[in-house]
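No gaps in the numbering here: position 510 of the sequence shown is 716 in our numbering, and each next residue is one more.
Ideal Cβ placement from N, Cα and C applies to all residues, glycine included.
This report concerns only the one structure given below.
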Amino acid sequence: MTPARKELNRRDFLRLTAAVAGGTLLAEPVEPRASERSQRTSIGVGDLPKGSAPAPVATPHFPDRLHAFIWRNWSLVTVAKMAAVIGARPSDVLKLGLAMGLPRPRSIPRDQSRRSYITIVKRNWHLLPYEQLLSLLDWTPQQLEFALREDDFLYVKLGNLKPRCQPLKFATPSPSALARARQIASVLKEEFPRPILDDGEPLFHFVKDLSSPVKARERTGQASMVSPRFCYSYFALYGDPLLDTATDPYPDGYLARLRNCGVNGVWLQGMLSKLAPFPWAPELSEHYETRLDNLRRLVARARKLDIGIYLYLNEPRSMPLKFFAAHPELKGVVEGDYAALCTSHPGVRNYIRDALGQVCRAVPDLAGFFTITASENLSNCWSHGNGRGCPRCGTRSPADVVAEVNGSILQGIQQAGSRSQLIAWDWGWNDAWAGDVLRQLPREIALMSVSEWSLPIERGGVKTSVGEYSISSIGPGPRATRHWQMARERGMKTLAKIQAGNTWELSAVPYIPAVENVARHAVNLRNAKMDGLMLGWTLGGYPSPNLEVAAEISSAPDVSADAAMQRVAARRFGANAGRAVVSAWKQFSAAFSEFPFHGGLVYAAPLQLGPANPLWSEPTGYVHSMVGFPYDNLDGWRAVYPVDVFIAQFEKIAAGFERALGELRTASGGLPMKRAEKTELGRELDVAEAAAIHFKSVANQARFIEARKGLSEAGKGEPRSALVVELERVIRDELRLAKRLLAIQSRDSRIGFEASNHYFYVPADLVEKVLNCRDLLDRWLPTPA
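Here's what the structure looks like:
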């Protein structure tokens, strides 16, 4: 079988796919304030990144690009706005939409618009040039440039290129286009006898549900075992949440629900120049007092529920090269248009120390901070391993610099007399010098390590190792174990970073119901004497059974994985149905353990889109992007796995989920249950079924691409006939999966959503997949003969 390869982590993937320098990991997709713009070069549309600018992918299932534009924006943008973008009258747009069988458009709530800009960008990436995309969003070039560069690497997720789209101008469609639109309406009536897209649960309805008041349950023994147990908001917007409070990342109802799942900490991004005066450019810190006031209020609200607030620090932030014209003595390593603030300069270390002190004095009840000192972003001169490029840091070791940065942060906390905990996360530390960092860190600092990192696995006969973001693999792995041991020998506390809720293995569901895997991992970490748990990065913060089971295990020294699952299931579904649910959780876990994990695979394959990813009759020629567009790049999807193994593994997972679902439905049918328990069980079934559909669709899409390739190479005769039969089978199955997933998403707005990507798909995309499949069957697929 294929030999093992080095596992790719998130930073490796980003470096392979883009040259991204400077900026923030979590940044606002809004236009910088005037004071911030003064630090940046004014840009126009022509300055926005284009990359190789290939032709956009085809959409032959629509009459033309105009109809595709109207379809894809129908549920996200007002008719008036669409009309303005293409130079039409609203009545023109309405007429064309209704002619395709779309329902009369709903109003677009302001909150939905604020929360769905990434979804809008992705849906129009292959349809509109930048000028019209800006008009659709009501953004300036600065806003879009800021979002593409800094909104969790959005441009990387879009493929590091902008398709070469011509301006889309309204013109009365041709008779053939109008006939094709009527044909689409006819297909919709045939495939969906009942009305679609007009009576489902509104997008983002889950935000209202999770924010509604709920009583927090009293819990006992939480502080005695693994603590803190902290996670990120399920629906927070990237940006400046401590200044822009219109979209609260942690409303009281949501905090109470997390508390009921045993969470006792939450985190959000912090940026020192926004929380304390930046001495070399004070205008960058405009409104820092307001942010501190809002942080203090959030901390006070959360404390009422015994939940601590943690700030993520990735400091010092790099600065544009023009900044260093006035401050050349601070300039460190250069990457692109940015350079590091060199922490070997005492003035930079003093700034870090003093800024932390000011934050801690202003918000004395902050639970803590955690740092990443070797992230995707350029921060200290050794953060990307290029410290030799700095005249000061080049004479020092990476360990010296990284330890010193963390030490400066600790000094600020201590000088303020704060009890805030400082956690140093070893994410991105090179194994060659990680031990040297640990030997230099002050003992008061706790060490956090990704539990499953470097865990060896074998799937379908292929040996490889896990990087991070895995529920299918049960840690801890050797890297974390080694680092924790070194830290403990110095008297430091240790924390494990896991993904308890979901991962990039599948983030389009609120949690992956492989609960036994999570429970076994939690038992292992409790037995490994962990002091605390980070329950997830920016994904996985839904108040799920997964989080609750992890808390049950972390709060008691002897509870088993099975007992913890039984307790949680009984609370959620009642004692009778709870037993059936636990049996299903075990089966889901066994099936999910077949996941063919590889760091490149989880970012490349169509895991998040599932059946919403189109099928193309001809190769697109596009390479997959990170999480955003998988296209049809099967060789990129499969990473180290041969095609047959890749397909077989996903079919195993899907089949295991489907079997467990069938047994759960049978076992729970007719059991006496309260109304709330029945509702909870129905939602559990929906999550599991959506997961099964995604996994099956990945296998289907791979089979389609292989059969399409075979058909293009085959001559006449029996082999060609067999390929046509296989293609028809796969297309029809994809059509059925799209309809099944549509039914689920229409009643459950959580499906398809993830905070850093917004909606991977909306119901209209799943209906479009039906049109896509019907077009392939009716127009493209040859006869088997």
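Mark residue i as exposed unless 16 or more other C-beta atoms lie within 10 angstroms of its C-beta, in which case mark it buried.
i	result
N978	buried
P399	exposed
V608	buried
S795	buried
S281	buried
K256	exposed
E974	buried
Q627	buried
K902	buried
A452	exposed
E503	The sequence given here has Arg at residue 503, not Glu. Classification for R503: exposed.
N733	exposed
D764	exposed
P419	exposed
A531	exposed
D981	buried
S439	buried
K537	buried
K880	exposed
R509	exposed
P604	buried
Excluding the five sequence neighbours on either side, which residues of its own chain have a C-beta within less than 6 Å of the C-beta of residue i, listed in chain order?
i	result
T284	I314
R278	R329
A580	S589, G634, W635
G228	The pLDDT assigned to G228 is 28, lower than 50, so where the model puts this residue is not dependable, and the model offers no usable value.
A790	A866, L870
Y847	V668, P802
S799	S678
Cβ of residue i within 9 Å of Cβ of residue j?
i	j	result
N500	L448	yes
P369	V263	yes
S524	S585	yes
E711	G683	no
L302	I276	yes
A894	L867	yes
F959	L821	no
L384	P269	yes
R914	L933	yes
I677	T670	no
P988	V930	yes
T601	M654	no
Y518	A961	no
R479	A353	It should be noted that the sequence gives Ser, not Arg, for residue 479. Taking 9 Å as the Cβ cut-off, S479 and A353 do not qualify as a contacting pair.
F576	Y516	yes
Who are the Cβ neighbours of residue i in its own chain at under 7 Å, not counting the five residues just before and after it?
i	result
F410	D317, Q318, R321, S955
S679	E658, L661, I663, V672, F803
P209	Because the pLDDT at P209 is just 31, under 50, the model does not fix this residue reliably, and the value given afterwards should be weighed accordingly. Taken in chain order, the list of residues that qualify is empty.
V976	E397, L941, A944, K945
On a CA-only basis, which of the options is nearest residue i? Give me that one, please.
i	options	result
L741	E711, Y675, R696	Y675
V668	R295, L870, R844	R844
L983	K375, V393, R594, A290	V393
M692	G574, G542, V643	V643
A896	A860, G921, P925, E912	A860
L616	A652, R598, N583, P604	A652
L334	Q372, R726, D357, D298	Q372
K703	A714, S766, W631, G916	W631
R685	S713, A725, V656, A770	V656
A261	S952, T826, L947, S927	T826
Y717	L481, T744, A640	T744
A487	Y557, M431, N466	Y557
L948	G816, A873, H964, N963	G816
Can you list, in chain order, the residues of its chain with a C-beta nearer than 8 Å to that of residue i? Leave out the 5 residues immediately preceding and following it.
i	result
A908	L840, W843, R844, V849, F852, I853, F856
V469	R435, F436, C437, I513, L741, P749, L753, A757
R649	R696, G697, M698
L343	Y323, I326, V327, Q349, L350
R507	Y456, D458, L461
### Message
Whether or not the segment 470 to 481 and the segment 758 to 776 are in contact is what I'm after, with contact meaning three or more pairs of Cβ atoms, one per stretch, closer than 8 Å; do they touch?
### Response
Flag = no, the segment 758 to 776 and the segment 470 to 481 do not touch.
### the segment 935 to 944 in contact with the segment 883 to 891 per 3-pair CB rule at 8 Å
They do not touch, by the three-pair rule.
### Query
Touch check for the segment 364 to 379 and the segment 287 to 307: three-plus C-beta pairs under 8 Å?
Flag = yes, the segment 364 to 379 and the segment 287 to 307 touch.
### Query
How about the segment 609 to 627 and the segment 558 to 575: do they share at least three Cβ pairs that are nearer than 8 Å?
Yes, since at least three Cβ pairs between the segment 609 to 627 and the segment 558 to 575 fall closer than 8 Å, the two stretches touch.
### Query
With contact counted as at least three CB pairs below 8 Å, one residue from each stretch, are the segment 399 to 408 and the segment 733 to 740 in contact?
No, because fewer than three Cβ pairs between the segment 399 to 408 and the segment 733 to 740 fall closer than 8 Å, the two stretches do not touch.
### Task
Count the CB pairs spanning the segment 822 to 836 and the segment 360 to 368 that are closer than 8 Å, and state whether there are at least three.
Verdict: yes, contact present.
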